[in-house]
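In the working numbering, the protein residues as written are 116 to 260.
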C-alpha cells in the first residue's frame, strides 16, 4: 500500500466516523426510531424479502396519495440498497424521488434523512466533497428545527 492509498484510507475512515457521529448528534433532535429499526431489519433480514415488502408498502402509499409514507418507503428502499445490496445507482434514484417530495413538505426530518442517505452514497463512491456538502445540509436543517 503506497502513501497516497494510506492517506485515502485514513480520510475515508475519518469521513465515515464523521457521518456516523453526525447522525448520532442529529438523533438528539430527529426522530431516529424509524431509522434504527430499519437498520436492524436490514441487518437481520434477506435483502430480496425486504425489498419486496417495502415495494408493496410503497405502492400502497402511492395509491393512497400519502406523500409522507411514500417518501419514507422510498428512503427505506434506498437504505436497503446502500447497506445490503450495494446497488448505489438504484439507491440514488430512490433518494432523488424522495428529495422531490421532501422539498415540498413541511417535515424537515424527512429531508434530513434524505440528505444523509445521499451523503452516504457519495462517501461509498469516494466523492468526499459532495458527501460533506449533503451532510452539511442535513446539519444546517437540524439546527433550524
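Cβ atoms here follow ideal geometry from the backbone N, Cα and C, with glycine treated the same way. It should be emphasised that the depicted structure is a prediction, and the values quoted were computed from it without experimental measurement.
Distance between residue j and residue i (C-alpha atoms, nearest Å)
{"i": "residue 219", "j": "residue 176", "result": "17 Å"}
{"i": "residue 182", "j": "residue 215", "result": "10 Å"}
{"i": "residue 187", "j": "residue 169", "result": "10 Å"}
{"i": "residue 158", "j": "residue 152", "result": "10 Å"}
{"i": "residue 250", "j": "residue 224", "result": "14 Å"}
{"i": "residue 243", "j": "residue 149", "result": "26 Å"}
{"i": "residue 190", "j": "residue 232", "result": "8 Å"}
{"i": "residue 245", "j": "residue 252", "result": "11 Å"}
{"i": "residue 254", "j": "residue 195", "result": "23 Å"}
{"i": "residue 147", "j": "residue 258", "result": "16 Å"}
{"i": "residue 180", "j": "residue 197", "result": "26 Å"}
{"i": "residue 178", "j": "residue 160", "result": "26 Å"}
{"i": "residue 145", "j": "residue 171", "result": "Here the model assigns residue 145 a pLDDT of 49, short of 50, so the residue's position is not dependable, and the following value carries that caveat. Each residue's alpha carbon lies about 26 Å from the other."}
Residue j beta carbon less than 8 Å from that of residue i
{"i": "residue 165", "j": "residue 156", "result": "yes"}
{"i": "residue 229", "j": "residue 213", "result": "yes"}
{"i": "residue 193", "j": "residue 210", "result": "yes"}
{"i": "residue 227", "j": "residue 184", "result": "no"}
{"i": "residue 221", "j": "residue 162", "result": "no"}
Extent of the continuous alpha helix (DSSP H) run through residue i
{"i": "residue 252", "result": "243-259"}
{"i": "residue 232", "result": "223-239"}
{"i": "residue 217", "result": "203-218"}
{"i": "residue 197", "result": "Note, residue 197: premise wrong, no alpha helix (DSSP H); not H, not E."}
{"i": "residue 165", "result": "162-178"}
* Between the segment 200-211 and the segment 222-241, do three or more beta carbon pairs fall short of 8 Å? -> Contact between the segment 200-211 and the segment 222-241 is present, because at least three Cβ pairs lie under 8 Å.
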